[in-house]
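Residue numbers (my numbering), protein chains in the order written: chain A, 17 to 238; chain B, 8 to 265.
The beta-carbon is built from N, C-alpha and C at its ideal position, and this holds for glycine as well.
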Amino acid sequence: MGSGHGHRLHYHGHSPLHRAPAHLKLVGLLGFALVVVLTPREWYAVYAGYLAVLLVAVRISRVPPTYLLKRMVVEVPFVVFAVLVPFVATGPRVDVLGLSLSEPGLVAAFGLLAKGTLGVLASLLLAATTEPADLLAGLERLHAPELLVQIMGFMIRYLDVVTGELGRMLVAMRSRGVDPRSPRHWPVLARTLGALFVRSFERGERVHLAMLSRGYTGRMPR
Amino acid sequence: MTPVLDVRGLAYAYPDGHAALRGVDLHVHAGERVALLGPNGAGKTTLVLHLNGIHTPESGTVAVSGLPVEKEHLAEIRRRVGIVFQDPDDQLFMGSVRDDVAFGPANLGLRGEALEQRVLEALDQVGMADFRDRPPHHLSFGQRRRVAVATVLAMRPEILVLDEPSSNLDPASRRELADILRGLDVTVLMVTHDLPYALELCPRAVVLSEGRVVADGATYDVLTDDALMRAHRLELPFGFDPRVTGRPTGPESAPPAG
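What follows is the structure, given as structure tokens:
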């Protein structure tokens, strides 16, 4: 338990990439993602080029590649889906290692994997080189809707509080003989998550009360 | 002299019909430190939420330094009445200590140098100025409680209302907070179950029970009135006897073994 420090994604450093203004990095990421998504799937060499650009950026940032690699597990569900595509897709089949796979399916899987991986890696690099507070300031500078930026700010602030609460609830469950991992106990887990939602909602009300008490009238001061 | 807090005949029932306050009268004068005692469910928190206009009374009135708590004065009322809530995680919602302390005064219209000045001053009062750039959730619980006090001090309130200030604090943090509160030049209303803390810090105590004020006097006299204490589910913690500690002397109640 305990209030572990919240920098799960941020990697402390002073590289040029760390020091670059957050709003430029955000625009860069958005532009990069758009270009990647719009590139036809068959331009394999171009994808290799994108990857090379990213790897150079990682090098400049001096964030250890293993640090990023470990955090790329978020992509796993997409990978599973991509791997399934060649098996279930229709069209002409080719034999690969004795397996009969759909040719358009293979191309689609490559496209999904390549675009997904590039996007995830680029986003992780942004998160690793930019403090959450700077990201929010960057979004503000880009004139993102104020309300959305506020909500994201609260999310970052309360992520640790809510995960801490969930952690304590899980410990309390285990202490009474419930194993949250066993499917047999999933109904209990679901109720716990429901309780967590209610608790978080009530906390939201208390935070709002505390804001009103300090003169909040609906707009964040700036 | 106009009392800082002037509550008259305050009654309030929750929407479900449960009557929380049944005619509360309370006056607090400038410079006083008053403990608000009472069992769970006595209506202490409900009373506190009337002081800055979060709740609207069913009948009766609340005035802060002569200004009635009514809709058109809410901004000024909320500056005058600074409430420190029980859970600092509810009170500290910004990304850094500085921004959190600045939230109140910025809502009052302060900007730039004046705002920065106000923030530093408030953080200095609670000894947390060195932590101004830290995110609140990276602080210890005691530090967060102190920053929560600073967020309210930054609005230069006329009365500081503390909801269970000593709850969840380790003894050292509890004592540090007491030192800070004793050093502040502000009127204090302190809601607490911590009776030794009440005796240590507040010369006067008010007991609220079932929505009514049932006692109002010197904290020492309240805590040593066994019949009163028993009648309202108030109990001294094991090993604590005000008669042994002795009646606090002077206008300021000194710590037991200062």
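*Cβ neighbours of Val104/A in the same chain (closer than 8 Å, five flanking residues each side left out)*: Cβ within range, chain order: Ser118, Gly121.
_chain A within 8 Å of Ala82/B, Cβ atoms only_ = Judged by the 8 Å Cβ criterion, Ala82/B is in contact with chain A.
*Taking only runs that begin and end inside the stretch 160 to 214 of chain A, name each unbroken alpha helix (DSSP H) of 4 or more residues, in chain order.*
Listed in chain order, they are 162 to 191.
*beta strand (DSSP E) containing Ala279/B: first to last residue?*
A query on residue 279/B cannot be resolved here, the shown segment of chain B reaching from 8 to 265 and no further.
*Which residues in chain A sit within 8 Å of Arg85/B, going by Cβ to Cβ distance?*
Around Arg85/B, the beta-carbon contacts reaching into chain A at under 8 Å are Leu228, Ser229, Arg230, Gly231.
*For the stretch 100 to 129 of chain B, which residues have a beta carbon sitting closer than 8 Å to at least one beta carbon of chain A?*
Going along the stretch 100 to 129 of chain B in chain order, one finds Phe100, Met101, Gly102, Ser103, Ala109, Phe110, Gly111, Ala113, Asn114, Leu115 with a Cβ nearer than 8 Å to chain A.
*Please confirm if Ile90/B has its CB atom under 8 Å from at least one CB of chain A.*
Yes, because at least one Cβ of chain A sits closer than 8 Å to the Cβ of Ile90/B.
*Start and end residues, alpha helix (DSSP H) containing Ile84/B*: Per DSSP, Ile84/B belongs to the alpha helix (DSSP H) from 81 to 87.
*Given a cut-off of 8 Å, decide if Glu207/B and Thr87/B are closer than it, judged by their beta-carbon atoms.*
It should be noted that the sequence gives Arg, not Thr, for residue 87/B. Taking 8 Å as the cut-off, the Cβ atoms of Arg87/B and Glu207/B do not count as close.
_Going residue by residue through the stretch 118 to 148 of chain B, where are the continuous alpha helix (DSSP H) segments of at least 4 residues, counting only ones entirely within it?_
The stretch 118 to 148 of chain B contains these whole alpha helix (DSSP H) runs: 119 to 132.
*If we ignore side chains and look at the alpha-carbon of each, how far apart do Lys86/A and Leu40/A end up?*
If you take the alpha carbons of Lys86/A and Leu40/A, they lie about 26 Å apart.
*Where the stretch 141 to 167 of chain B meets chain A: residues whose CB sits under 8 Å from a CB there*: Here the close residues are Pro142, Pro143, His144, His145, Thr158, Val159, Met162.
*Tell whether a beta-carbon distance below 8 Å holds between Leu142/A and Met88/A.*
In this structure, Met88/A does not lie closer than 8 Å to Leu142/A by Cβ.
*Nearest-angstrom Cα separation, counted from Pro255/B out to Gly265/B*: With a pLDDT of 33 at Gly265/B, under the threshold of 50, the predicted position of this residue should be treated as unreliable, and no value is reported.
*Could you tell me the distance, in whole angstroms, from the CA atom of Gly16/B to the CA atom of Glu147/A?*
Straight-line Cα distance between these residues: approximately 52 Å.
*Pick from His80/B, Leu146/B, Glu65/B, Ala42/B: whose alpha carbon is nearest that of Pro22/B?*
Closest by C-alpha distance to Pro22/B, out of His80/B, Leu146/B, Glu65/B, Ala42/B, is Glu65/B.
_Taking 8 Å as the threshold (beta carbon to beta carbon), is Ala144/A in contact with chain B?_
No, no contact with chain B.
_For Pro172/B, the nearest candidate out of Leu44/B, Leu33/B, Gly253/B (CA to CA)_ = Looking at the Cα atoms, Leu44/B is the closest of the given residues.
*At which residues does the alpha helix (DSSP H) containing Ala38/A begin and terminate?*
Start and end: 38 to 54.
_Between Ile187/B and chain A, is the shortest Cβ-Cβ distance under 8 Å, so that the two count as touching?_
Cβ-Cβ to chain A under 8 Å: no for Ile187/B.
*At 9 Å on the CB atoms, spell out the chain B contacts of Phe48/A, in chain order.*
Result: empty, since nearest Cβ-Cβ is about 27 Å, beyond 9 Å.
_Pull the bridge partners of Pro2/B from the DSSP assignment, please._
An answer regarding residue 2/B cannot be provided, because it is not within the stretch 8 to 265 covered by chain B.
_Cα-Cα separation, Ser19/A to His145/B_ = With a pLDDT of 38 at Ser19/A, under the threshold of 50, the predicted position of this residue should be treated as unreliable, and no value is reported.
*Beta carbon of Thr63/B, beta carbon of Ala27/B: below 8 Å?*
Not in contact: Thr63/B and Ala27/B (Cβ atoms no closer than 8 Å).
*Is Ala149/A helix, strand or coil by DSSP?*
Annotated three-state conformation of Ala149/A is helix, per DSSP.
*Figure out for me which residue from Gly47/A, Glu91/A, His30/A, Leu46/A has the closest Cα to the Cα of Val79/A.*
Nearest of Gly47/A, Glu91/A, His30/A, Leu46/A to Val79/A, Cα basis: His30/A.
*asked:* For His224/A, count the other beta carbons within 10 Å of its own beta carbon; 16 or more makes it buried, fewer makes it exposed. Which is it?
replied: By the C-beta density criterion, His224/A is exposed, having fewer than 16 other C-beta atoms within 10 angstroms.
*Can you tell me the Cβ-Cβ gap for Ile84/B and Leu228/A, rounded? I've got them flagged as a contact below 8 Å.*
About 11 Å separates the two Cβ atoms, so there is no contact after all.
*Helix, strand or coil: which one does DSSP assign to Tyr60/A?*
The answer is helix: DSSP assigns Tyr60/A an H, G or I state.
*Consult DSSP for Ser216/A and reduce its assignment to one of helix, strand or coil.*
In the structure shown, Ser216/A sits in a helix (DSSP, three-state: H, G or I).
*Which residues in the same chain as Ala267/B place their Cβ atom closer than 8 Å to its Cβ, once the five residues preceding and following it in sequence are excluded?*
Limits of chain B in this structure are 8 at one end and 265 at the other, which puts residue 267/B out of reach.
*What whole-angstrom Cβ distance do Thr158/B and Gly119/B have, given they're in contact under 8 Å?*
So it is not a contact: roughly 19 Å between Cβ atoms.
*Cβ of Ile172/A within 8 Å of any chain B Cβ*: Yes, because at least one Cβ of chain B sits closer than 8 Å to the Cβ of Ile172/A.
*Which chain E residues are close to Leu225/A, counting only those with a beta carbon under 7 Å from its beta carbon?*
As a matter of chain content, chain E is missing from the structure shown, whose protein chains are A and B.
*Where does Met197/B sit, in a helix, a strand or coil, going by DSSP?*
Strand at Met197/B.
*Counting contacts by CB-CB distance shorter than 8 Å, is Asp248/B in contact with chain A?*
The beta carbon of Asp248/B sits no closer than 8 Å to any beta carbon of chain A.
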